[in-house]
Amino acid sequence: MTDRARGIFGGIAAGFVLLALFAVAASADQRQGDSLRPGEIVVVQERSVGELPSAAEGATLVIERFEVLQREGVFAGLNVTLRNVSAAPQRGSVWYLLSPPYDTGEAWRSADYTAPGHQVALAPGERRVIAFDAPGLSVIGLFRVSVWAHVIDAAGASLHADATGYGTPLVVEPEGGFGANLLEQWETGRERAFVPPLPLEGDVQIVLFELERSPRFLRGVSVSAANNHPTEAREIYLSYGIDSADQLEPWTQPVFSSAETRLTLEPNQTLPVTFSVPEALAPGEYRLALWLRRSPVEPPVVAAEYTFQIDPLFTFALADESGQPPLVLTLSPSPPAQDGAFTATFALRNDSATDRLVGVFYSVVPSDSLTPWRTAFASMPLRFINLKQRENFIFSDTRFLRVPPGDYTIIGWVIELVEGRPILRAAYSRELRYSAR
1478 MTDRARGIFG GIAAGFVLLA LFAVAASADQ RQGDSLRPGE IVVVQERSVG ELPSAAEGAT
1538 LVIERFEVLQ REGVFAGLNV TLRNVSAAPQ RGSVWYLLSP PYDTGEAWRS ADYTAPGHQV
1598 ALAPGERRVI AFDAPGLSVI GLFRVSVWAH VIDAAGASLH ADATGYGTPL VVEPEGGFGA
1658 NLLEQWETGR ERAFVPPLPL EGDVQIVLFE LERSPRFLRG VSVSAANNHP TEAREIYLSY
1718 GIDSADQLEP WTQPVFSSAE TRLTLEPNQT LPVTFSVPEA LAPGEYRLAL WLRRSPVEPP
1778 VVAAEYTFQI DPLFTFALAD ESGQPPLVLT LSPSPPAQDG AFTATFALRN DSATDRLVGV
1838 FYSVVPSDSL TPWRTAFASM PLRFINLKQR ENFIFSDTRF LRVPPGDYTI IGWVIELVEG
1898 RPILRAAYSR ELRYSAR
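Counting from 1, position 59 in the sequence shown corresponds to residue 1536 in the working numbering; the numbering is continuous, with no gaps.
What follows is the structure, given as structure tokens:
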């Protein structure tokens, strides 16, 4: 983490943490006609009584309208209009669920979050608008929202009355996100390297050699070659190879070799070439060499070289005022079974001299996600742990992946509340391949 991000984070008492965490739930009251600020309503669904496919037969309470609210692209709550369509007074309850985005089955079976229910008593024909807040720190990631209403009969039994939902997944995260420090680190993770070409004999020279990379991936390799002869064309062959930097006999066993590209350069012409890149490289240090040949039978010469590092996915620990990270996290997932079942094991260490109340969760995201805390296809709800000073804590969580088969990244997160805002303290990621049949 950058120095600019340091020095602004301090610990707060556990009592204040708990108050902040449960403030959202405590504010769940019934509000007649209440709504968040105008301009923030992004989805409105109005439903006529004759078009309620999810309402129970003879239902007396129906969800007539619901509004999905967002602030800066993040789920901010719901306004739900419940109506008594019967000729008698009715009692009931209404709540919402957040479910994994790829789970199209029964939302109540897979929900990661159930909002506190609102109890209502409605006169015949009465409508009531009930405002729901976002879940705060309870869940973080990408979720589908659905709204549910039950009627409470004279015996006190709760019976399904109506349900509806919004099909597009919503970004759910604490208000204010994880702070500018994380977003800044993630967005500046990519870099472009302009490598000085080596001087070559003859009329053809490499005038530009550019690489785009991030800590985890080589993203792009491009070259521009120039023919400096004023009257004659030149033909060349370009390719590049990647070798381990500690290879004792370089280029005898390259870890990646690009396809060779033939270029015909007219007099005084410059042409660009964009190469393919390896899908993934194991963590380590690598040497990349650009090769140039002037004929199909001539041996290649090195036109440029570049050494770079591939980090072990995305891993960091934020230092505190002492300059050292107080919290260190590792995460070990089991290979997902064909039905998507897998177990993630967390190992969390508190290296500081004080107790810390922290929240831990994980996200399963596309491997190329640039903002993985917002694009999780699956996530473990936040679990709070009171870590004693110098304590090591290990726990496991077993869940089901409800995602298409493919390559994903699982990232474990550790957060603390600082002055009421969630601050990311540590993260650790691993590759996760799901190949269900």
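Ideal Cβ placement from N, Cα and C applies to all residues, glycine included. Nothing here was measured: the structure is a model prediction, and the numbers come from that model.
**Request:** Please look up how many angstroms separate the CB atoms of V1681 and N1704, rounded, as I've assumed it's under 8 Å.
**Result:** The pair is a contact, with the Cβ atoms about 6 Å apart (cut-off 8 Å).
**Request:** Provide the residue(s) that pair with N1869 in DSSP beta bridges, ordered along the chain.
**Result:** Partner residues in the beta bridge of N1869, as assigned by DSSP, are R1826.
**Request:** Would you kindly work out how many angstroms separate the C-alpha atoms of P1673 and F1686, rounded to a whole number?
**Result:** When rounded, the distance between both Cα atoms is 7 Å.
**Cα-Cα separation between A1503 and E1689, rounded to whole angstroms** = Residue confidence for A1503 is low, a pLDDT of 32 falling below 50, so the modelled location carries little weight and cannot support an answer.
**Request:** Pick helix, strand or coil for W1572, following the three-state DSSP scheme.
**Result:** W1572: strand per DSSP, three-state reduction.
**Asked** Given that a residue counts as buried once 16 or more other Cβ atoms are within 10 Å of its Cβ, and exposed if not, what is G1535?
**Response** With fewer than 16 other CB atoms across the displayed protein chains lying within 10 angstroms of its CB, G1535 is exposed.
**Item:** 6 Å CB neighbourhood of Y1714 in its chain, flanking five on each side removed
**Value:** The residues are E1737, R1739 and R1770.
**Message:** Quick check on the DSSP output: what are the complete alpha helix (DSSP H) runs of length 4 or more inside the region 1555-1642, in order along the chain?
**Reply:** Fully enclosed alpha helix (DSSP H) runs of 4 or longer: 1584-1587.
**Item:** Contact under 8 Å by Cβ, P1749 with S1699
**Value:** S1699 sits close to P1749, with the two beta carbons spaced by under 8 Å.
**Environment of P1578 [buried if 16+ CB atoms lie within 10 Å]** = If you draw a 10 Å sphere on the C-beta of P1578, you find 16 or more other C-beta atoms in it, and that means buried.
**Request:** Enumerate in chain order the residues of its own chain whose CB-to-CB distance from R1764 is below 8 Å, with the five nearest sequence positions on each side excluded.
**Result:** Apart from the 5 residues on each side of it in sequence, R1764 sits with its Cβ closer than 8 Å to the Cβ of I1719, D1720, S1721, A1722, Q1724, P1727, E1782, Y1783 and T1784 in its chain, given in chain order.
**Message:** How far does the beta strand (DSSP E) with W1768 in it extend, from its first residue to its last?
**Reply:** From DSSP, the beta strand (DSSP E) with W1768 extends over G1761 to R1770.
**Residues that N1863 bridges to, as DSSP identifies them** = Looking at the DSSP assignment, N1863 forms a beta bridge with L1834.
**Message:** For a test of the three-state rule: what should DSSP assign to F1877, helix, strand or coil?
**Reply:** Three-state DSSP puts F1877 in a strand.
**Prompt:** Mind pulling the beta strand (DSSP E) runs of 3 or more residues that sit fully within the region 1667-1751?
**Reply:** The region 1667-1751 contains these whole beta strand (DSSP E) runs: 1668-1671, 1681-1690, 1695-1704, 1711-1721 and 1738-1742.
**Prompt:** For R1826, which residues of its own chain have a beta-carbon under 6 Å away from its beta-carbon, when the five flanking residues on both sides are left out?
**Reply:** The residues are V1805 and N1869.
**Request:** Let me know the secondary structure DSSP gives R1851 once reduced to three states.
**Result:** Of the three classes helix, strand and coil, the one that applies to R1851 here is coil, per DSSP.
**Message:** Quick check: what's the CA-CA separation for A1611 versus L1695?
**Reply:** Whole-angstrom Cα-Cα distance: 38 Å.
**Beta-ladder partner(s) of P1843, from DSSP** = DSSP output for P1843 lists Y1885 as bridge partner(s).
**Request:** Pick helix, strand or coil for S1906, following the three-state DSSP scheme.
**Result:** Under the three-state reduction of DSSP, S1906 is assigned to strand.
**Item:** Alpha-carbon spacing of M1754 relative to S1844, whole angstroms
**Value:** The sequence given here places Val at residue 1754; Met does not occur at that position. C-alpha separation (whole angstroms): 16 Å.
**Request:** Specify, as a first and last residue, the run of the beta strand (DSSP E) that S1809 falls within.
**Result:** Counting along the chain, S1809 sits inside the beta strand (DSSP E) bounded by residues L1804 to P1810.
**Prompt:** Which word fits T1641, buried or exposed, when buried means at least 16 other C-beta atoms lie within 10 angstroms of its C-beta?
**Reply:** Answer is buried; the Cβ neighbour count reaches 16.
**Asked** What residues are listed by DSSP as bridge partners for E1549?
**Response** Residue pairing by DSSP places E1549 in no beta bridge whatsoever.
**Request:** Mind reading off the beta-carbon distance from E1650 to R1851? Whole number of angstroms is fine, and I expect it under 8 Å.
**Result:** Their Cβ separation, rounded to whole angstroms, is 7 Å, which keeps E1650 and R1851 in contact under 8 Å.
**Asked** Is it true that the CB of E1712 sits closer than 8 Å to the CB of P1744?
**Response** For P1744 and E1712, no; Cβs fall outside 8 Å.
**Asked** Cα separation between V1954 and P1566?
**Response** Within the shown structure, residues of the chain are numbered from 1478 to 1914, placing residue 1954 beyond reach of any answer.
**Request:** Would you grab the beta carbon distance between V1841 and L1909 for me? Rounded to a whole angstrom, and I think it's under 8 Å.
**Result:** Beta-carbon to beta-carbon, V1841 and L1909 are separated by about 6 Å, close enough to satisfy the 8 Å threshold.
**Prompt:** Within 8 Å (strictly less), CB to CB, does F1620 reach chain C?
**Reply:** Here there is only one protein chain, and chain C is not present.
**Asked** So what does DSSP say about A1814, is it helix, strand or coil?
**Response** Reduced to three states, the DSSP call for A1814 is coil.
**Prompt:** What are the start and end residues of the beta strand (DSSP E) that includes E1782?
**Reply:** Per DSSP, E1782 belongs to the beta strand (DSSP E) from V1778 to I1787.
**Asked** Helix or strand or just coil, what does DSSP make of E1756?
**Response** E1756 falls in the coil class under three-state DSSP.
**Message:** Below 8 Å on the Cβ atoms is my contact criterion, and I expect L1452 with R1907 to pass it. Report the Cβ-Cβ distance as a whole number of Å.
**Reply:** Given a span of 1478 to 1914 for the chain in the structure shown, any question on residue 1452 remains unanswerable.
**Item:** Of the residues T1558, V1616, L1559 and V1606, the one placed nearest N1892, counting alpha carbons only
**Value:** Note that residue 1892 is Ile in the sequence shown here, rather than Asn. The candidate whose alpha carbon is nearest that of I1892 is V1616.
**Asked** When the Cα atoms are used, what is the spatial distance from I1888 to P1881?
**Response** Computed Cα separation, rounded: 18 Å.
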